[in-house]
Amino acid sequence: MKKPIAGGSARVEVLAPPRTARRGGGGAWLENERLLAAMLLTPTVLLLGLFIAYPFVMGVWLALSSTSVGNVGEFVGLRNFQKAWDDSIFRTAFWNTTWYTAWATVFKLTLGMWLALLLNRNFRGKRLVRASMLLPFIVPTVLSTFAWRWMFDPTFSVLNWLLFRGGFITNKLPFLSDGAYGMWCAIAVNTWRGMPFFAITLLAGLQTINPDLHEAASLDGANGWHRFWKVTWPLLKPVTLVVVVFSIIQTFSDFQLIYVLTGGGPANSTHLIATYAYQVGVATGLLGEGAAISLFMLPVLFVVVWLQLRYLRRLET
Amino acid sequence: MVIERRWKKWVYFYIPLTLFVIGTLFPFYWMFITAIRPDAELYRSWRAVNNTPFWTLAPTLDHFKDLLAKTTFPQWLWNTFFIACASTAISLFCGLLAGYALARLKFPMAGALGTSIFVTYLVPPTLLFIPLADIIRSFALGNTPWALILTYPTFLIPFCTWLLMGYFKTIPKELEECARIDGATRFGAMLRIIFPIAVPGILSAGIFAFTLSWNEFIYALVFLSSPEKKTVPVGVVSELIRGDIYFWGQLMAGALLGSIPVALVYSFFVEYYVTGLTGSVKG
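From first to last, the protein sequence lines stand for chains A and B.
For the first sequence, our numbering begins at 3 and goes up steadily by one.
For the second sequence, our numbering begins at 302 and goes up steadily by one.
Okay, structure coming up:
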């Protein structure tokens, strides 16, 4: 925020008149920066306090109690967390969440970067292609995931049909009726949905890179691969880091995709932390245990947010 | 310019780009073709010789008619639209004021407040939905649109504030100072000078917030219970699957109709949306 000294001194002169004028006029309270700031921030602080900070505190309390629907529980310490940790379904869900986040992020980054590099060229219909690439990100996840579920249907899957006609398989692949296949299907759908976000943000980053740098590098004999790793990648790193952090948070806390695609099945083998928390906390009504399960997301989110804040602070100074 | 040979351009550019386009758009095509395909063709074995999965010779609107006759789909559309507009309006109002305060005013705790608003931006709804459901119930907001109109801003305000704060910082301070020399109050200068200049930023934030609220699922799933109060995503999930039976034709018709409004809004404001999207991570 600091400006050069010359500009600063000029600003003091400009600012002087309203300060003297203020003494005479009414409405002086609007001139007081602190009061005005307090007034402007009140609605935001109220809403966020009421629906984020308060539920968070409530959530911690619930997680430490034996509350269920229609039954005010009592304090039970860390028993809910202990119970979740000993629960094999929870462990599967935790492991699935990590696996899902890791692979989906890798795929989204790789494909998103590739698409961004393709879109960074000039070609006819570029605006139309770019606009249509974002469609998976715009359309409600639940609705597009239904289309995928139908494409993975056990009896009528078009993908099985394609693979069969292409001569790749002789028997149907159990897309969603097998836990391991199911997780990979979910990763594929998540990649399909999230990749445009990577592509468009990275494209915005690419467009800020001076083409002269590539010119110079290719005059020095660097090929496309080298130019990417030596010129593009170092300059894109800051944007990439932020996008990856956002994506990790969203993927790690994902709910709707699994809820629609597999519902956690077959035999609870594809649950994520959020879908399992929903099953225990809402569908079964064990609010305390459900709240404890969803709080297991917190350490991971905390680390990611902390990294992000450190990075932002570095940018601001 | 880096000059390329023709075959190289095909291998490295046209073919991959075409594959990306097909991969991205195929599910939407599939949604469409399923929605207009008669049931007899829909449930034909995938090994049948006369199976033509990629087109249909007997397109029908039956699924759309069934959808409109057997469910309250138009009501869901209206609910989603109303909730998305109201929560976007609330978020823009809060975000404008807060963004201005954080970008321009000097007050104690400004840094800490800015940071904590940013942190709430990163809190996912799935972390809070269980206690929040309890709170909604104790405020007697359960099963009303207000449960969503008041909770959606929790993930929209931080984003709007962040985006608009960045936008305000790009507007030169001198503009405001000129207005104040002419006798405008600080508040007046904000209202009449800064906000009009920020209209593109407001539009970006608004479009992005609208698509996010149209997309929201878990709060709507947990807070609403009667069929006629639901939003499109929740209605499609809970009313079009009866028992274990999926009505795929109607489901795809619903998915298509539920996607079109938000896709239309997006297509009119692509540039603003992209600004919002890239701004959402840069600030």
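Each residue gets a CB set at the ideal place from its N, CA and C atoms; glycine is no exception.
- Item | Where A/Val323 meets chain B, residues with beta-carbon distance less than 7 angstroms | No information on residue 323 of chain A is available, as it lies outside the stretch 3 to 319 that chain A covers here.
- Distance, Cα to Cα, A/Pro57 vs B/Thr579? Counting from one through the first sequence, the residue named residue 57 of chain A turns up at place 55. Counting from one through the second sequence, the residue named residue 579 of chain B turns up at place 278. A/Pro57 and B/Thr579: Cα-Cα distance of roughly 30 angstroms.
- With a cut-off of 7 angstroms, does the C-beta of B/Asn516 fall near any C-beta of chain A? Taking the first residue of the second sequence as 1, we reach residue 516 of chain B at position 215. Closer than 7 angstroms to some Cβ of chain A, the Cβ of B/Asn516 qualifies, so yes.
- Item | Residue(s) in a DSSP beta bridge with B/Tyr422 | Mapped onto the second sequence, residue 422 of chain B falls at position 121. Looking at the DSSP assignment, B/Tyr422 forms no beta bridge with any residue, so it has no partner.
- Task: Please report the residue range of the alpha helix (DSSP H) in which A/Glu35 lies.
- Result: Taking the first residue of the first sequence as 1, we reach residue 35 of chain A at position 33. Start and end: Glu35 to Leu50.
- Between A/Val16 and chain B, is there a C-beta pair that is closer than 7 angstroms? The sequence position of residue 16 of chain A within the first sequence is 14, counting from 1. Below a pLDDT of 50, predicted positions are generally treated as unreliable, and A/Val16, at 41, falls in that range; the measurement from the model is reported next regardless. At least one chain B Cβ lies under 7 angstroms of A/Val16.
- Query: Would the segment 510-519 of chain B and the segment 242-249 of chain A be scored as touching if the rule is three or more Cβ pairs under 8 angstroms?
  - Reply: Not touching, per the Cβ criterion.
- With a cut-off of 7 angstroms, does the C-beta of A/Phe257 fall near any C-beta of chain B? In the first sequence, counting from the first residue as 1, residue 257 of chain A sits at position 255. Taking 7 angstroms as the threshold, the shortest C-beta distance from A/Phe257 to chain B falls below it.
- Query: Between the C-alpha atoms of A/Ala104 and B/Thr357, what's the straight-line distance to the nearest angstrom?
  - Reply: Here residue 104 of chain A corresponds to residue number 102 of the first sequence, with the count starting at 1. Here residue 357 of chain B corresponds to residue number 56 of the second sequence, with the count starting at 1. Rounded to whole angstroms, A/Ala104 to B/Thr357 spans 40 angstroms at the Cα level.
- Query: Is it true that the CB of B/Gly577 sits closer than 7 angstroms to the CB of B/Ile498?
  - Reply: Position 197 of the second sequence holds residue 498 of chain B. Position 276 of the second sequence holds residue 577 of chain B. No; because the gap between Cβ atoms is not below 7 angstroms, this pair is not in contact.
- Message: Judging by CA-CA distance, which residue of A/Leu309, A/Leu215, A/Trp152 and A/Leu297 is the nearest neighbour of B/Met332?
- Response: For this step, residue 332 of chain B is matched to residue 31 along the second sequence. Nearest Cα to B/Met332 within the set A/Leu309, A/Leu215, A/Trp152 and A/Leu297: A/Trp152.
- Query: For A/Thr272 versus A/Met135, is the C-beta distance shorter than 7 angstroms?
  - Reply: Working through the first sequence from its first residue, we reach residue 272 of chain A at position 270. Working through the first sequence from its first residue, we reach residue 135 of chain A at position 133. No. Outside cutoff.
- Query: In this structure, does DSSP put A/Asn122 in helix, strand or coil?
  - Reply: For the purposes of this step, residue 122 of chain A is taken as residue 120 along the first sequence, with counting starting at 1. DSSP places A/Asn122 in coil when its eight states are reduced to three.
- If we count the other Cβ atoms within 10 Å of its Cβ and call it buried at 16 or more, is B/Met410 buried or exposed? Start at 1 with the first residue of the second sequence, and residue 410 of chain B comes out as number 109. An exposed status is given to B/Met410, since fewer than 16 other beta-carbon atoms sit within 10 Å of its beta-carbon.
- Query: For A/Asn73, which residues does DSSP report across the bridge?
  - Reply: By one-based count along the first sequence, residue 73 of chain A stands at place 71. BP columns for A/Asn73 point to A/Ser70.
- Query: Would you say B/Leu464 faces chain A, with C-beta separation under 7 angstroms as the test?
  - Reply: Position 163 of the second sequence holds residue 464 of chain B. Answer no: the Cβ-Cβ gap between B/Leu464 and chain A never drops below 7 angstroms.
- Query: So is B/Leu513 buried or exposed if we call it buried at 16+ other beta carbons inside 10 Å?
  - Reply: Taking the first residue of the second sequence as 1, we reach residue 513 of chain B at position 212. By the 10 Å Cβ count, B/Leu513 comes out buried.
- Query: In chain B, which residues lie with their C-beta within 8 angstroms of the C-beta of A/Ser70?
  - Reply: Here residue 70 of chain A refers to the residue found at position 68 when the first sequence is read from its first residue. Result: empty, since nearest Cβ-Cβ is about 11 angstroms, beyond 8 angstroms.
- Message: Helix, strand or coil, according to DSSP, for B/Gly536 in the structure here?
- Response: The count along the second sequence starts at 1 and reaches residue 536 of chain B at position 235. Here DSSP, grouped into helix, strand and coil, assigns B/Gly536 to helix.
- Message: In this structure, how does DSSP classify B/Tyr468 when only helix, strand and coil are distinguished?
- Response: Position 167 of the second sequence holds residue 468 of chain B. B/Tyr468 falls in the helix class under three-state DSSP.
- Using a Cβ-Cβ cut-off of 7 angstroms, state whether A/Ile140 counts as contacting chain B. Taking the first sequence and counting its residues from 1, one reaches residue 140 of chain A at position 138. Using a CB distance cut-off of 7 angstroms, A/Ile140 counts as an interface residue toward chain B.
- Task: Have a look at A/Val144, A/Trp231, A/Trp63 and A/Gly169 and flag the residue whose alpha-carbon is nearest the alpha-carbon of A/Ala188.
- Result: For this step, residue 188 of chain A is matched to residue 186 along the first sequence. Selected option, being the one with the closest Cα: A/Val144.
- Query: What do you reckon, are the CB atoms on B/Leu442 and B/Ala448 nearer than 7 angstroms?
  - Reply: Reading the second sequence from its first residue, position 141 is the one you call residue 442 of chain B. Reading the second sequence from its first residue, position 147 is the one you call residue 448 of chain B. Using a Cβ distance threshold of 7 angstroms, B/Leu442 and B/Ala448 count as a contacting pair.
- Query: Taking 7 angstroms as the CB-CB limit, is B/Thr361 close to chain A?
  - Reply: Sequence index remark: in the second sequence, residue 361 of chain B carries index 60 (1-based). By this cut-off, B/Thr361 is not an interface position.
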